[in-house]
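Colleague:
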Amino acid sequence: MTASLLLLNWKRLANVRRILAAQAGYREVAEILVFNNNSSAPFDYSHPKVRFLNASADFGLRARWILAALAKSECLIFQDDDILLPASTVGGFIGAVAADRRRAYSLHGRNPGRNGTYRADLAFGEVEIILTRAAAIHAELVPLIFQAEQAFHAAGFQLPLNNGEDIFLSYCVSARFGKKHKVLRLPFADLPSPHALSNRPEHVKERTRLVRQCKAFFARRQRTTDC
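Okay, so the sequence shown: first residue is 494 according to this note's numbering, each after it adds one.
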């Protein structure tokens, strides 16, 4: 099994180029897809494994699913542009997905409080929420996400433009297969992270609201459908 690396960019082009220069050379990486949400700074990169989209508007974090739908590998690795993954970590993700495709894997996890309060404490092992800063799923899960999104919107809920796609992914897959997700202890290197979305004043409040909505929505969906 090989992997498709799926990167989003906003204002960290130097980071993206550094990631591509390193990770495009990994044997396990079949392709790298880059979605550039910043229309004021078009992106270009010449490498046989690298393909990219320059958007005319900010499509937000949901652009991850757009890349996932375009990818050709079974193992899909979502990666932010503030983290560098060594080849061993890419291989670890691939091995985990190959062993069990019915859950998500990440280098970072969270467990909410009892009343659905979002907590930023580090969590390890099996977790309710994986962060898509560096995460992997099997490609067969992508249609589940699109289907659940439509039902979520029809139920009167709305995903924030730039927050919570990781929360939605986590509860969607868990509701379908009845499993928590796994945080893998694999190496990585942090890159500069200006313009971090997590620094916004409403970030945690927004994520708490979405955790509670997802818990209620998917619990009700499990009772009435096969998710």
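Glycine included, C-beta positions come from ideal geometry on N, C-alpha and C.
Quick caveat: nothing in here was measured; it's all calculated off a predicted structure.
Please indicate yes or no: does the CB of Gln651 lie closer than 7 Å to some heavy atom of the ligand FAD?
Modeller: Of the ligands one can find in the structure shown there are none, so the ligand FAD has no counterpart to examine.
Colleague: Quick check: the Cα distance between Asn656 and Gly585, rounded to an integer number of angstroms?
Modeller: So the two alpha carbons sit approximately 27 Å from each other.
Colleague: At 3 residues or longer, what runs of the beta strand (DSSP E) sit wholly inside the region 613–651?
Modeller: Fully enclosed beta strand (DSSP E) runs of 3 or longer: 618–620 and 627–631.
Colleague: Can you tell me whether Glu633 is buried or exposed, with buried defined as 16 or more other CB within 10 angstroms of its CB?
Modeller: Flag for Glu633 reads exposed.
Colleague: With contact counted as at least three CB pairs below 8 Å, one residue from each stretch, are the region 533–552 and the region 606–624 in contact?
Modeller: Too few Cβ pairs lie closer than 8 Å, so no.
Colleague: Could you say if the region 514–522 and the region 612–632 meet the contact criterion of at least three C-beta pairs nearer than 8 Å?
Modeller: With a cut-off of 8 Å, the region 612–632 and the region 514–522 do not count as touching, because too few Cβ pairs lie within range.
Colleague: Classify Asp574: buried if its beta carbon has 16 or more other beta carbons within 10 angstroms, exposed otherwise.
Modeller: It counts as buried.
Colleague: Start and end of the beta strand (DSSP E) containing Arg524?
Modeller: The sequence given here places Glu at residue 524; Arg does not occur at that position. First-last of the beta strand (DSSP E) with Glu524: Val522 to Asn529.
Colleague: Is it the case that the region 495–505 contacts the region 657–677, given that we only count it when at least three CB pairs across the two stretches are under 8 Å?
Modeller: No, they do not touch.
Colleague: Check whether the region 561–570 touches the region 641–659, taking contact to mean three or more Cβ pairs, one atom from each stretch, closer than 8 Å.
Modeller: No, the region 561–570 is not in contact with the region 641–659.
Colleague: How about Ile630 and Ala597: are their beta carbons less than 8 Å apart?
Modeller: In this structure, Ala597 lies closer than 8 Å to Ile630 by Cβ.
Colleague: Do Leu600 and Phe711 count as a contact pair if the criterion is CB distance below 8 Å?
Modeller: Taking 8 Å as the Cβ cut-off, Phe711 and Leu600 do not qualify as a contacting pair.
Colleague: Which term fits Arg700, buried or exposed, when burial requires 16 or more other beta carbons within 10 angstroms of its beta carbon?
Modeller: Counting Cβ neighbours within 10 Å, Arg700 comes out buried, since at least 16 surround it.
Colleague: Just the C-alpha distance for Arg669 and Leu684, rounded to the nearest angstrom, thanks.
Modeller: Approximately 34 Å between the Cα atoms of the pair.
Colleague: Please go through the same chain and pick out, in chain order, the residues whose beta-carbon is closer than 6 Å to the beta-carbon of Arg713, but skip the five residues on each side of it.
Modeller: None.
Colleague: Give me, in chain order, the residues of the same chain whose beta-carbon lies closer than 7 Å to that of Thr582; leave out the 5 immediate sequence neighbours on both sides.
Modeller: Leu679, Pro680 and Phe681.
Colleague: Cutting at 8 Å between CB atoms, please list the residues of its own chain near Leu637, excluding the five before and the five after it.
Modeller: Excluding positions up to five away in sequence, the list reads Cys665, Val666, Arg669 and Cys720.
Colleague: Between Leu652, Lys672, Arg693 and Gly671, which has its C-alpha nearest Arg705's C-alpha?
Modeller: Here the closest residue by C-alpha is Leu652.
Colleague: Which value, in whole angstroms, describes the spacing of the CA atoms of Phe552 and Pro535?
Modeller: Taking the straight line joining both Cα atoms gives about 15 Å.
Colleague: By DSSP, does Gly585 sit in helix, in strand, or in coil?
Modeller: DSSP places Gly585 in helix when its eight states are reduced to three.
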